[in-house]
Every structure is written in structure tokens, then in C-alpha cells.
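Quick notes on the structure that follows.
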């Protein structure tokens with residue numbers, strides 16, 4: 003995480019992928035234990051990743067990363083369960099001993115897709131172009147007649163807006 | 283959007299950063315203090331005898347208590363916003379201002395005697411203080427909430443409570459320049475109640491506003 007925060011995109015991407023695997027195992031298990039739908043797990047994984055990403059500079063790099071992520075995951079899980087009306091307490095232990103899920107990411111496009119449609123069209127276009135079509139900010143900028151910097155800022159705003167939509171989203 | 287697509291998206295966004303919590307505080311808290319200061323100057327004003335040497339000493343004593351409350355609770359609120367918990371020994375930090383106040387109360391009782399302690403405690407401006415301190419605390423409280431919202435607070439009520447304490451520390455520091463009730467007993471009673479009012483308000487507001 004320290005390397006990632008220093009600006010290494012490859013390291014950061016690998017870290018988020020590992021994190022996604024670990025979170026998926028943990029969140030699926032917890033949902034199962036409390037009678038939730040395991041289909042919701044991937045949505046909570048994504049919401050947690052988004053939160054970790056948006057809050058990353060508030061992580062104090064003097065302190066261990068695992069408990070910090072756990073606190074976010076726990077918070078997001080309680081929040082999601084409350085929204086979905088489970089109302090059960092959640093107990094998350096250390097993530098450190100969790101292996102990534104060998105099954106890999108599910109193909110479920112889930113909440114994120116639905117919430118994405120509520121962004122303004124340009125933000126949607128930018129998000130889809132970068133996430134799904136694997137295009138760079140410069141390419142997207144050329145398409146939309148924006149500077150690369152403006153695309154980056156718009157993307158960042160779109161991510162923040164998504165995080166807010168997650169929180170307000172009622173099933 | 284699949285999770286691997288989201289991961290790609292987030293990695294692309296790595297270079298764009300929001301301001302840190304500390305930068306947010308450094309930016310918004312001074313403005314709040316200017317607002318509070320303006321309200322203070324326009325409505326209350328400094329006490330007339332503030333330039334007298336013994337009065338200055340007494341005001342300084344009050345400021346030690348209120349500023350230490352502001353500093354320690356601000357420190358804890360920022361820790362809550364960054365690391366999601368209080369970190370080591372929150373009780374020690376929270377105890378600093380009350381302990382200082384206790385020492386001052388003890389000093390006064392030893393110096394001026396027990397007789398008449400309740401009059402000194404009730405003072406002359408208690409109810410006024412109870413209205414003025416929370417009002418002066420509102421701008422800093424709003425500024426702190428603004429900053430905390432950008433942070434990662436997982437215990438919104440607690441964070442709101444501590445932010446309320448910090449805001450009271452600031453508001454009371456400014457009010458102390460006006461108030462002519464100088465007994466530490468007065469501080470303990472009325473500033474104490476004011477702190478509870480503001481931090482209870484902060485806790486309730488935190489529940490609603492600091493979730494993310």
C-alpha cells in the first residue's frame with residue numbers, strides 16, 4: 003500500500019485485486035452466516051474497494067493496513083446489512099490469513115451498473131471507457147473534447163458520486 | 283461493472299487525490315475562528331479590565347483550560363477520522379483539560395477558602411455563558427464537521443461528540459475574554475454544561491451527517 007500511495011499504479015492494481023479476493027471470501031462467509039444473499043457479497047466488495055480507494059490518503063501509514071481495511075469492510079457490511087434489513091451484528095477478524103477466492107470474480111454486474119446509470123451521461127461515458135474499454139484518460143479526453151486533466155478530475159468526481167449513491171441506495 | 287473493471291478504474295484514479303484531513307482543518311478552521319471572532323467583537327467584546335495585570339493572569343488561567351480542551355479533542359477527532367479509532371490512550375488525552383481544571387479548583391479552594399464556594403460557582407453570568415459558549419462554538423463545529431465528512435469516520439456519534447468538545451474549547455476560549463466570572467468553580471459548572479450541550483448536539487448531528 004505504501005508503494006501504491008507513492009503513485010505506482012501497477013502495484014496498486016495488484017493490491018486492490020488481492021484485496022477484492024480476500025474481501026470476497028470474508029464477506030460471502032459473513033453474509034451466509036447471517037442469512038444474507040451471497041449475491042449481495044460482490045456489491046459489498048465493490049463498495050468497500052471504492053471506499054478504501056477514496057479514503058486511502060486518510061490511512062496513517064505508520065499503522066498497519068489490514069485493520070484499517072477491516073474497519074472499512076466491517077462498516078460497509080453493517081451498513082449494507084442495515085439497508086437490506088438483516089439487522090445482525092457483524093464480526094470481522096483479521097484479513098491476513100484469508101486466501102483470495104480461487105473462483106475469481108463473478109460475472110454479476112450488480113449494483114454498480116445500476117448506480118452507474120444514475121450518473122450524468124458524460125461521467126458514465128468516462129467511467130465505462132476507462133473501466134471496461136481499458137482506455138487512457140488521454141484517449142477519452144480526445145473523444146469527449148476534454149483535456150486529460152479534466153477527464154481525470156471528472157473520473158474522480160464520478161467515483162465520489164458513486165460512493166454517495168451506494169450509501170443512499172435502497173434495494 | 284465487474285470487480286476487475288472497478289479495480290482498473292480505481293487504479294487509473296490513483297494520481298488524483300483529495301486534500302488530507304490536516305490540510306482540511308488548516309484551511310477551514312481559521313475561517314470559522316474568524317467568524318466566531320467577528321461575532322464576538324460585534325456582540326460581546328473584550329471585558330473592560332482585560333489589560334489589568336491580575337485580570338490577565340486569570341484570563342490566561344481560563345485559556346489554559348479551554349485551549350487544552352480544544353487541542354486534545356481536536357487531536358482525538360482527527361485520529362478518529364483517519365484511523366477509525368482513538369488510537370492509544372484516548373482517556374489520557376480526554377482527561378487533560380478536566381485535570382487542569384481540577385487542579386485550578388483545588389488551588390482556588392486552598393487560596394480563597396471553602397466559604398462561599400457555591401456563590402462563586404454559580405457566579406453572575408452563568409445562564410448567559412450557557413447561551414453564548416454554544417453559539418460561539420457553532421462556526422468551529424461546522425468547520426470540523428465539514429472536514430470530518432471527508433475523512434473515514436466509522437463511529438459517527440463518537441466523532442461528533444469529540445468534535446463538539448473541540449468546538450466548545452474554541453468557543454469558550456473566545457468567550458473567556460469577555461466573561462467576568464473568574465472562579466475555576468464557575469468554569470467547571472457552566473463551561474462544563476456548555477461543553478455537554480455542544481458535544482451532545484455534535485453526537486446527534488454526527489449520527490446523521492458523518493456517515494459515509
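Chains as they are written, first to last, in the working numbering: chain A, 3 to 173; chain B, 283 to 494. The beta-carbon is built from N, C-alpha and C at its ideal position, and this holds for glycine as well.
Taken in chain order, the complete alpha helix (DSSP H) segments of 4 residues or longer contained in the stretch 13-96 of chain A are 41-56, 67-86. In this structure, DSSP gives residue 436 of chain B a state outside helix and strand, which the three-state scheme calls coil. With 16 or more neighbouring CB atoms inside 10 Å of its own CB, residue 72 of chain A falls in the buried class. The beta carbon of residue 145 of chain A does not come within 8 Å of any beta carbon belonging to chain B, so the residue lies off that interface. Selection A:121, A:79, A:143 evaluated against residue 42 of chain A yields A:79 as nearest (Cα-Cα). For chain A, the residues of the stretch 423-453 of chain B that bring a beta carbon within less than 7 Å of one of its beta carbons are 433, 434, 436, in chain order.
Residue 47 of chain A has a beta carbon lying within less than 8 Å of a beta carbon in chain B. Residue 446 of chain B counts as buried, since at least 16 other C-beta atoms from the protein chains shown sit within 10 angstroms of its C-beta. Between residue 470 of chain B and residue 359 of chain B, the C-beta gap is not smaller than 8 Å, which leaves the two residues out of contact. The CB of residue 155 of chain A comes closer than 7 Å to the CB of 298 in chain B, given here in chain order.
Setting aside the 5 residues that flank it on each side, residue 4 of chain A is surrounded in the same chain by 63, each with a C-beta closer than 7 Å to its C-beta; the list follows chain order.
For residue 315 of chain B, the closest alpha carbon among the candidates B:424, B:355, B:290 is that of B:424. Interface residue (Cβ-Cβ distance to chain A less than 8 Å): residue 356 of chain B is not classified as such. Interface flag for residue 289 of chain B against chain A is set, since a Cβ pair is found closer than 8 Å. At the C-beta level, residue 164 of chain A and residue 117 of chain A come within 8 Å of one another. C-alpha of residue 426 of chain B to C-alpha of residue 473 of chain B: approximately 20 Å in a straight line. Secondary structure at residue 479 of chain B: helix, using DSSP grouped into helix, strand and coil. With the criterion set as a beta carbon lying under 7 Å from some beta carbon of chain B, the members of the stretch 117-135 of chain A are 118, 129, 132, 133, 134, in sequence order. Taking 8 Å as the cut-off, the Cβ atoms of residue 326 of chain B and residue 414 of chain B count as close. By the Cβ criterion, the stretch 125-138 of chain A is in contact with the stretch 286-300 of chain B, since at least three pairs of Cβ atoms, one from each stretch, lie closer than 8 Å.
Think of a sphere of 9 Å around the beta carbon of residue 51 of chain A: the chain B residues whose beta carbon falls inside it are 285, 288, 289, 292, in chain order.
Here residue 460 of chain B carries a coil assignment [DSSP, helix/strand/coil].
Residue 3 of chain A sits in coil when the DSSP states are folded into three classes, being neither helix nor strand.
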